[in-house]
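Residue numbers (my numbering): 289 to 1271.
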């Protein structure tokens, strides 16, 4: 046995002064994160900052249960659609984005030229991922009620980095990325296309009548222009590079703390002539004027320049490339085979008019679709501690957004004559929107020292005023392709201008009570007034209540030694939504252009004033359980919820959105109407397990999943639930039905291909052949005008009348996923770290519009190689066989479940390997830190979907038609290197 004797040593310390200062962090509810009894999730993005993500939406994908994120497009600058706990409205379903306590307003204007569905949708893209400290997602109405009508679709609270106490630190990060175009859909080459066209002609006419464009006739003047093997999609796609630079400075002392950053991103697109250049800067300053008073200034500026491709007549550039005849040349040749140096854009081609079937390379190379956007936000916040338990905060925030869009389509990109309205078509749009927001908060903590009873709360008064104005001009026949201003010596097609203004005020009160650190009661009441409503319903009331039981603190739970801090919680609340149109309640008028009054144009009323228009309300119930186990190594969180939307707001700018009324009233429609019920119910689960916790090696795994079921419970009386009843080739009837989800698909049931003419007979429910009055077998027909034959598509005759028509249309799927989620792992070994993250969506359907366009074989468009497995002779019967090629066949390509495919996928969305240079090496170089990383994003996808990518963007504002693959640019595979240096 050894004994050790310690000797005493006295060291006198210098005097140390500790000064308490007011807190700069602002909270709307004044609730500690640990005590929240509502449904919310908070994440940090530290592990994503050295990967290839360029926006917070990319970083969040697959990480939060109940949060569904889908890329709108793979084009640079495009955003993402975010949906929290299902689609709860037939309008906008995007959650509210709040940055450092300030809601981000994006005033929508109808004039937008640059595809608002893909570019205006991503509010988070203007924030550098490295600027974000944490993101909190509020899911239930008890938590979102504090934001009133703005929080009806959930809330994303983003907290950016602020200054720190200590000496100044400089950080620089550079991330170069390679963006690789995913494999394209195999299309027919020129020879295969010509053979298909000859077969279409033969089957439809019974004789060979070969047009010269597909006859390979060397005496034909355009022989060299129609004897190519052009891969049109390959010609307009490419691999691209992205460069991401980020620089920040942070530091501060007792009086002033500062954080400032600068970011520059140059993102290349996988479609030619697409790119996005973004600059952002952020400044966060905290001035501690005294121990009671702190003044905060936050400044953010963002600029983006996005170059895109034109969409013409509802076809994007990739759709143009997919259907373009591959035997046509990109460049024009004369009759001797000499290149002229011009794009081959004939006024009339084998496919049709040059004004309909464009040369996609010419359009992509010569066309212009550019957008410039500037955003500016200034926030000033003054916080004064009146007492130790009482504080007053005053906030003023200014937001400005300026946007300019320019489109240009020159004559040499088109196959039209000079009289066409599309020649040298120029279009320009400008918009300015701004808002000013003020907020006064009186927040308090428990005024007495009693650990058993704790009170917190806040009173808030909020005002917001927004303005916007816009101008749009379109013209054609500009005098030169070098003059692209639509107002200079051009023929004006139309000019539009508009402006708007809205005002909102709100009052918020919340009270939070905690007893013995075990029982929580949290209440909130928000009242909003909006100028969008009349005096009868101007105010909307949004209450919320949540209760929590931290049962792990109960004495009887001390026997469960593996149980750490855990809580059972429940919540209820109501949030609301107002119309997207600030003037929805007002009567509208328009001038008569054709009808005259006393030989003069007249102003006539078109819609009645809506004095009783009211708020759409969303009532939400939630029960949740949070478990911490095994010394906080295992965390499990589960929720079940019910969300019911009442008084749905039916209405909008499109004619189909308006509620039709009898014309005997003197009007045709209401602009808006409150009616209908939409319901979402589901459950969520999140698991995080620290599997290994060693000194030099740590490993954790995570998993989340959720299920949501969406149902139209009730539709308005006399509501026209059929927007379209067209059932021709490539057309799907558009309808909504009670009991079915929003985003349902309707069409025919496709049963295969008739092997012979004798098989195309009508049958009853028992499978017996139906005969006419004379005993002859009744052939199947389409609309009574076409009799099906061998090689034709088989559709289920629902009512067994021998006729395929609208009565045979049924529900064939919907775009809502049954399950969404993700899982992954992180590992750290000494200075090495590795991460894997997967994302999945299961149980949803996609309308493969690309297959509709490229597998019909009833027109002169190019087709995919899938058509090589088509019916050719009587008696042919093969698995997966497609119908026969038949030019202008009326019914072989009807909208049916033939084109509705399961979209289920599992995707490796991020794989990262990082290395932290040891401190001893950094010290020798007088550098604080060096971090190196390599990451790969979206490089591996498991799916049965036959299209190019199953991550299909959704236009959730149209309940009739969402979840359709329209050949948008798929997300690229991204390989990124990262070097981050700290000084």
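Positions of the beta carbon are idealized from the N, C-alpha and C atoms, including for glycine. All figures in this text were calculated on a predicted structure; none of them were measured in a lab.
**Study point:** Environment of residue 1260 [buried if 16+ CB atoms lie within 10 Å]
**Key:** Within the chain shown, numbered from 1, the residue matching residue 1260 stands at position 972. Classification of residue 1260: buried, given that the 10 Å Cβ count is 16 or more.
Review point. In terms of residues, what are the limits of the alpha helix (DSSP H) holding residue 491?
Key: Against the chain shown, residue 491 aligns to sequence position 203. From DSSP, the alpha helix (DSSP H) with residue 491 extends over 478-493.
**Study point:** Local conformation of residue 987 per DSSP, three classes
**Key:** Working through the chain shown from its first residue, we reach residue 987 at position 699. The answer is strand: DSSP assigns residue 987 an E or B state.
Practice item. Could you give the DSSP three-state label for residue 749: helix, strand or coil? Key: Walking along the chain shown from the start, residue 749 turns up at place 461. The DSSP-derived three-state label of residue 749 is strand.
Exercise for review: Could you tell me the distance, in whole angstroms, from the CA atom of residue 972 to the CA atom of residue 645?
Suggested key: As a first step, residue 972 is located in the chain shown; it is residue number 684 there, counting from the start. As a first step, residue 645 is located in the chain shown; it is residue number 357 there, counting from the start. So the alpha carbons of these two residues sit roughly 48 Å apart.
Practice item. My understanding is that residue 740 touches residue 803, with C-beta atoms under 8 Å, so please give their C-beta distance in whole angstroms. Key: By one-based count along the chain shown, residue 740 stands at place 452. By one-based count along the chain shown, residue 803 stands at place 515. Between residue 740 and residue 803, the beta carbon gap of about 6 Å places them in contact (Cβ cut-off 8 Å).
Review point. Are the beta-carbon atoms belonging to residue 933 and residue 956 less than 8 Å from one another?
Key: Position 645 of the chain shown holds residue 933. Position 668 of the chain shown holds residue 956. For residue 933 and residue 956, no; Cβs fall outside 8 Å.
Review point. Which word fits residue 586, buried or exposed, when buried means at least 16 other C-beta atoms lie within 10 angstroms of its C-beta?
Key: As a first step, residue 586 must be located in the chain shown, where it is residue number 298. The residue is buried, with at least 16 neighbouring Cβ atoms inside 10 Å.
Practice item. Can you say whether residue 1160 is buried or exposed, counting buried as having 16 or more other CB atoms within 10 angstroms of its CB? Key: As a first step, residue 1160 must be located in the chain shown, where it is residue number 872. Under this definition residue 1160 is an exposed residue.
Check your understanding: Where residue 1143 and residue 490 are concerned, what is the direct C-alpha to C-alpha distance, given to the nearest angstrom?
Key -> Counting from one through the chain shown, the residue named residue 1143 turns up at place 855. Counting from one through the chain shown, the residue named residue 490 turns up at place 202. About 18 Å.
Review point. Unbroken alpha helix (DSSP H) runs of length 4 or more, entirely within the region 745-821: which are they?
Key: Listed in chain order, there is nothing to give.
Check your understanding: Counting only runs that start and end within the region 607-639, where is the alpha helix (DSSP H) found for 4 or more residues in a row?
Key -> Correct list: empty.
**Study point:** Burial state of residue 373 (16 or more Cβ within 10 Å)
**Key:** Counting from one through the chain shown, the residue named residue 373 turns up at place 85. Buried is the call here.
Review point. So, helix, strand or coil for residue 1209, using DSSP?
Key: As a first step, residue 1209 must be located in the chain shown, where it is residue number 921. Annotated three-state conformation of residue 1209 is helix, per DSSP.
Review point. In angstroms, rounded to a whole number, what distance separates the CA positions of residue 403 and residue 594?
Key: As a position in the chain shown, residue 403 is number 115, starting the count at 1. As a position in the chain shown, residue 594 is number 306, starting the count at 1. The predicted model places residue 403 with a pLDDT of 35, which falls under 50 and marks its position as unreliable; any figure quoted below should be read in that light. The alpha-carbon atoms of residue 403 and residue 594 are separated by roughly 12 Å.
Exercise for review: Leaving aside the five residues before and after residue 583 along the sequence, list all residues of the same chain whose C-beta is less than 7 Å from its C-beta, in chain order.
Suggested key: Here the question's residue 583 lines up with position 295 in the chain shown. Here the set comprises 575, 577, 670.
**Study point:** Cβ shell of residue 516 (< 8 Å), same chain only, five flanking positions each side left out
**Key:** Working through the chain shown from its first residue, we reach residue 516 at position 228. Around residue 516: 478, 614, 615, 616, 617, 618.
Check your understanding: Does the beta-carbon of residue 456 have 16 or more other beta-carbons within 10 angstroms, so that it is buried, or is it exposed?
Key -> As a position in the chain shown, residue 456 is number 168, starting the count at 1. The residue in question, residue 456, is exposed, as its Cβ has fewer than 16 Cβ neighbours within 10 Å.
Check your understanding: What separation, rounded to the nearest whole angstrom, lies between the Cα atoms of residue 347 and residue 672?
Key -> Along the chain shown, one-based indexing puts residue 347 at 59. Along the chain shown, one-based indexing puts residue 672 at 384. Spanning the two alpha carbons is a distance of roughly 36 Å.
Exercise for review: Consult DSSP for residue 604 and reduce its assignment to one of helix, strand or coil.
Suggested key: Along the chain shown, read from residue 1 onward, the residue named residue 604 stands at position 316. The answer is coil: DSSP assigns residue 604 none of H, G, I, E or B.
Check your understanding: Quick one, are the C-beta atoms of residue 729 and residue 319 less than 8 Å apart?
Key -> Looking up residue 729 in the chain shown gives position 441. Looking up residue 319 in the chain shown gives position 31. With respect to the 8 Å criterion, residue 729 and residue 319 are not classified as neighbours on the basis of their beta carbons.
Review point. Quick one: what's got a C-beta closer than 6 Å to residue 683's C-beta in the same chain, skipping five residues either side?
Key: By one-based count along the chain shown, residue 683 stands at place 395. Excluding five sequence positions before and after residue 683, the CB atoms of its chain that fall closer than 6 Å to its own CB belong to 669, 727, given in chain order.
Check your understanding: Considering only C-alpha positions, which residue in the set 820, 704, 1217, 853 is nearest to residue 636?
Key -> Residue 636 sits at position 348 when you count from the first residue of the chain shown. For residue 636, the nearest C-alpha among the options comes from 704.
Review point. Which residue or residues does DSSP assign as beta-bridge partners of residue 423?
Key: Position 135 of the chain shown, counting from 1, holds the residue named residue 423. Answer is 331, 446, bridged to residue 423.
Exercise for review: Please state whether DSSP places residue 322 in a helix, a strand or coil.
Suggested key: Working through the chain shown from its first residue, we reach residue 322 at position 34. In the three-state reduction of the DSSP assignment, residue 322 falls in the helix class.
Check your understanding: Around the C-beta of residue 823, are 16 or more other C-beta atoms found within 10 angstroms, so that it is buried, or is it exposed?
Key -> Counting from 1 along the chain shown, the entry for residue 823 is found at position 535. Of the residues assessed, residue 823 falls on the exposed side of the cut-off, its CB having fewer than 16 other CB atoms within 10 angstroms.
Review point. Beta carbon of residue 1095, beta carbon of residue 1086: below 8 Å?
Key: Start at 1 with the first residue of the chain shown, and residue 1095 comes out as number 807. Start at 1 with the first residue of the chain shown, and residue 1086 comes out as number 798. Here residue 1095 is near residue 1086, since their CB atoms are less than 8 Å apart.
Check your understanding: Do you know how far the Cα of residue 763 is from the Cα of residue 694?
Key -> Walking along the chain shown from the start, residue 694 turns up at place 406. Walking along the chain shown from the start, residue 763 turns up at place 475. Whole-angstrom Cα-Cα distance: 12 Å.
Point to revise | Rounded straight-line distance, which links the Cα of residue 736 to that of residue 722 | key: The count along the chain shown starts at 1 and reaches residue 722 at position 434. The count along the chain shown starts at 1 and reaches residue 736 at position 448. Approximately 44 Å between the Cα atoms of the pair.
Review point. At which residue ranges does the region 1019-1098 contain complete beta strand (DSSP E) runs of 3 or more residues, listed in the order of the chain?
Key: Unbroken beta strand (DSSP E) runs of no fewer than 3 residues, entirely contained in the region 1019-1098, are found at 1032-1035, 1038-1041, 1081-1083, following chain order.
Exercise for review: Mind checking who residue 977 pairs with in its DSSP beta bridge?
Suggested key: Mapped onto the chain shown, residue 977 falls at position 689. Partner(s): 922, 989.
Review point. CB residue 906 to CB residue 862, shorter than 8 Å?
Key: By 1-based counting over the chain shown, the position of residue 906 is 618. By 1-based counting over the chain shown, the position of residue 862 is 574. Yes, these two residues count as a Cβ contact at 8 Å.
Review point. If you count every other CB in all the chains shown that lies within 10 Å of the CB of residue 597, and 16 or more means buried, which is it?
Key: One-based indexing of the chain shown puts residue 597 at position 309. Result: buried.
Check your understanding: Which residue from 602, 444, 379 puts its Cα closest to that of residue 1256?
Key -> Numbered from 1 along the chain shown, position 968 holds the residue referred to as residue 1256. Taking only the C-alpha atoms, the option nearest residue 1256 is 602.
Check your understanding: For residue 954, does the count of other Cβ atoms within 10 angstroms reach 16, so buried, or fall short, so exposed?
Key -> Working through the chain shown from its first residue, we reach residue 954 at position 666. Exposed is the call here.
Check your understanding: Using the beta-carbon count (16 or more within 10 Å), is residue 709 buried or exposed?
Key -> In the chain shown, counting from the first residue as 1, residue 709 sits at position 421. Under a 10 Å Cβ-count criterion, residue 709 is classified as exposed, with fewer than 16 other Cβ atoms of the shown protein chains found around its own Cβ.
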